[in-house]
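Input: a single structure, listed below in structure tokens.
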Amino acid sequence: MTDFERWLSEQARQREDAGLTRRLVPRHPAEQVIDLAGNDYLGLARHPRVVEGAVSAAREYGAGAGASRLVTGTLTLHEDLERALAGFTGFPTALVFSTGYHANLSAVSALTDDDTLVVSDSHVHASMIDACRLSRARVHVVPHNDVAAVDAALAARTQPRAVVLVETIYSVLGDAAPVRELADVCAAHGALLIADEAHALGVAGVDGRGLLHEAGLGDRSDVVGTLTLSKSLGAQGGAVLSSPAVREHLVNRARPFIYDTGLAPAAAGGALAALDVVQDDPGRVATVNSVAALLAEACGVEPPAGAVLAVPMPGPLEAVAAVEKAAANGVRIGCFRPPSTPDGISRLRLTAHAQLERHQLDWAVRVLDELL
Ligand SMILES: Cc1ncc(COP(=O)(O)O)c(C=O)c1O
């Protein structure tokens, strides 16, 4: 055995002993499972109009964008999607990326430098944490949703600039950030707020336009939104919502944007069609919220701000056992275990879906009742 192989097997043994081994479970489209784990909240990934949007974009533009955006990889389709996303969320401009991960990496790393203090909520997504590592800024992590701690960190800073990182609806606990208060605190200290709308777009705010739109923050030059096209829009990709000046800066300075091939046409076409469906039928947004409230009641937790529900469990092994038991009953739920939880508590993670039929929901509620 080489030293490297010994190290790999020791790492695997430690994961196994701690009950933290992750395994990939392939999903076949024909399987009959009630999905309460995926992020296709509005059931749009297989919606005929969305699939047709993806197919016709691939036919027209090809399977890939063919180059990075600054070379030849900016398509007229990207511009259509950017206009639609900006219009829907109430921001002046949008810039699309190949993933939401890239959107966060780009926004945070390009808008900070060693003269910037980054104040980050302790629950932000891994993509924002990795973005902090990419930036050369000093990072101050504050307790979750603690506006006073953000205020104090900004007031005490020695750096000329500051950026505050939050999610508008958090991916692990499913709770909302006090975005308006955060934006006010940022404004008082001349700081920029970067808020990730990944779990709010399509499920929260007026007709799913997100919490920044609801709070009227889209036209503020000191607020930047990031989002993913891979959750409620059922496609793939990400976007940054901002002022024209921030967009222009990202195009010129964001390395995960500059050195990455443009968003694939099928993903862009699918996302654009999904946005149309959401606007034509806002009833889907209301439905996902009522399904979330029903599941929350079945799990004995508060109704969530969006589609994500978190149910605390005694430990990682209990969480995995519950997931397996639900699966044996035809219901797929997820779980978060350390190190993916910000506070070390293992949780079941359930997501609400607008397309579930009444009998599927009834069955899911029965299974959850027995499980919990
Ligand atoms: C809060 C949050 N931000 C960003 C991302 C990354 O988005 P994408 O999957 O499009 O890379 C995710 C996805 O899991 C997320 O939950």
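Using this note's numbering, the first residue of the sequence shown is number 181, and each one after it goes up by one. The C-beta atom is built at its ideal place from N, Cα and C for all residues, glycine as well.
Quiz item: Quick one, are the C-beta atoms of residue 354 and residue 490 less than 8 Å apart?
Solution: Yes, Cβ-Cβ distance for residue 354 and residue 490 is below 8 Å.
Exercise. Report whether the distance from the Cβ of residue 487 to the nearest heavy atom of ligand 1 is below 7 Å.
Key: Distances from the CB of residue 487 to the heavy atoms of ligand 1 are all 7 Å or more.
Practice problem: Run the proximity test for residue 376: is its beta-carbon closer than 7 Å to any non-hydrogen atom belonging to ligand 1? | Solution: Checking every heavy atom of ligand 1 against the Cβ of residue 376, one is found closer than 7 Å.
Quiz prompt | Residue ranges of each beta strand (DSSP E) within the stretch 455-527, 3 or longer | solution = Taking 3 residues as the shortest admissible run, the stretch 455-527 contains the following complete beta strand (DSSP E) segments, listed from N- to C-terminal end: 488-492, 511-516.
Self-check item: Secondary structure of residue 406, DSSP reduced to three states
Solution: DSSP places residue 406 in strand when its eight states are reduced to three.
Quiz item: Are the C-beta atoms of residue 484 and some chain C residue less than 8 Å apart?
Solution: Included in the structure is just one protein chain, with no chain C present.
Quiz item: Which of the three DSSP states, helix, strand or coil, is assigned to residue 286?
Solution: In the three-state DSSP reduction, residue 286 falls in the helix class (H, G or I).
Exercise. Check whether the Cβ of residue 315 lies closer than 7 Å to any heavy atom of ligand 1, and answer yes or no.
Key: Checking the Cβ of residue 315 against ligand 1 gives no.
Quiz item: Are at least three pairs of beta-carbons, each pair with one atom in the stretch 202-215 and one in the stretch 390-403, less than 8 Å apart?
Solution: Cβ pair count under 8 Å is below three, so no.
Quiz item: So is the beta-carbon of residue 408 under 7 Å away from any non-hydrogen atom of ligand 1?
Solution: Set against 7 Å, the gap from the CB of residue 408 to the closest heavy atom of ligand 1 is smaller.
Self-check item: Where residue 526 falls, given that 16 or more other Cβ within 10 Å makes a residue buried
Solution: Residue 526 counts as buried, since no fewer than 16 other beta carbons sit within 10 angstroms of its beta carbon.
Self-check item: Cβ pair count under 8 Å reaching 3, the stretch 373-392 against the stretch 182-199
Solution: No, they do not touch.
Quiz item: Which residues bound the beta strand (DSSP E) around residue 374?
Solution: Unbroken beta strand (DSSP E) run through residue 374: 372-376.
Quiz item: Fully enclosed by the stretch 209-285, which beta strand (DSSP E) runs are 3 residues long or longer?
Solution: DSSP runs (the beta strand (DSSP E)) wholly in the stretch 209-285: 214-216, 273-277.
Quiz item: For residue 418, which of helix, strand or coil comes out of DSSP?
Solution: If DSSP states are grouped into helix, strand and coil, residue 418 belongs with the strands.
Exercise. May I ask whether a heavy atom of ligand 1 can be found less than 7 Å away from the beta carbon of residue 258?
Key: Every heavy atom of ligand 1 is 7 Å or more from the Cβ of residue 258, so no.
Quiz item: If you draw a straight line from the alpha carbon of residue 462 to that of residue 349, how long is it in whole angstroms?
Solution: Taking C-alpha positions only, residue 462 is separated from residue 349 by approximately 19 Å.
Quiz item: Should residue 233 go down as buried or exposed, given a rule of 16 or more other Cβ atoms within 10 Å for buried?
Solution: By the C-beta density criterion, residue 233 is buried, having at least 16 other C-beta atoms within 10 angstroms.
Practice problem: Please determine, among 485, 365, 243, the residue with the shortest C-alpha to C-alpha distance to residue 385. | Solution: That would be 485, whose Cα lies nearest to the Cα of residue 385.
Exercise. Report yes or no: do the stretch 501-513 and the stretch 441-460 share at least 3 C-beta pairs separated by less than 8 Å?
Key: No, the stretch 501-513 is not in contact with the stretch 441-460.
Practice problem: Kindly list the residues whose CB is nearer than 6 Å to the CB of residue 436, restricted to its own chain and excluding five residues on each side of it in sequence; keep chain order. | Solution: Excluding residues within five positions, the ones whose Cβ falls inside 6 Å are 282, 285, 286.
Self-check item: Closest Cα partner of residue 456 within the set 412, 547, 311
Solution: Closest in C-alpha terms to residue 456, from the list 412, 547, 311, comes 412.
Quiz prompt | contact_flag[the stretch 391-401, the stretch 304-313] where n(CB pairs < 8 Å) is 3 or more | solution = In this structure the stretch 391-401 does not lie against the stretch 304-313, because fewer than three pairs of beta carbons, one per stretch, are closer than 8 Å.
Exercise. Check the DSSP bridge columns for residue 438 and list the partner residues they point to.
Key: DSSP lists no bridge partner for residue 438.
Quiz item: Where residue 244 and residue 274 are concerned, what is the direct C-alpha to C-alpha distance, given to the nearest angstrom?
Solution: Between the alpha carbons of residue 244 and residue 274 lies a gap of roughly 21 Å.
Exercise. Provide the residue(s) that pair with residue 347 in DSSP beta bridges, ordered along the chain.
Key: Bridge partners of residue 347 according to DSSP: 376.
Exercise. Would you check if the distance between the CB atom of residue 493 and the CB atom of residue 487 is smaller than 8 Å?
Key: Contact flag unset, no.
Quiz item: Under a three-way DSSP split, which group does residue 634 fall into?
Solution: Not covered by the structure: residue 634. The range shown for the chain is 181 to 552.
Quiz item: Which residues bound the alpha helix (DSSP H) around residue 307?
Solution: DSSP places residue 307 in the uninterrupted alpha helix (DSSP H) bounded by 306-314.
Practice problem: Compute every distance between the C-beta of residue 280 and the non-hydrogen atoms of ligand 1, then say whether any falls below 7 Å. | Solution: Taking the Cβ of residue 280 as the reference point, at least one heavy atom of ligand 1 falls within a distance shorter than 7 Å.
Quiz item: Between residue 574 and residue 279, which are expected to be in contact by the criterion C-beta below 8 Å, what is the C-beta distance as a whole number of angstroms?
Solution: As displayed, the chain neither begins before 181 nor continues past 552, which places residue 574 out of reach and without an answer.
Quiz item: If you draw a straight line from the C-alpha of residue 327 to the C-alpha of residue 365, how long is it?
Solution: Straight-line Cα distance between these residues: approximately 8 Å.
Practice problem: Using the Cα positions of residue 253 and residue 342, report the straight-line distance between them to the nearest angstrom. | Solution: When rounded, the distance between both Cα atoms is 33 Å.
Practice problem: Could you check what DSSP says for residue 189 in three-state terms: helix, strand or coil? | Solution: When secondary structure is reduced to three states using DSSP, residue 189 falls in the helix class.
Self-check item: Delimiting residues of the alpha helix (DSSP H) encompassing residue 364
Solution: Counting along the chain, the alpha helix (DSSP H) containing residue 364 begins and ends at 359-368.
Practice problem: Quickly, what does DSSP pair residue 356 with across the bridge? List them, please. | Solution: DSSP lists 349 as partners of residue 356.
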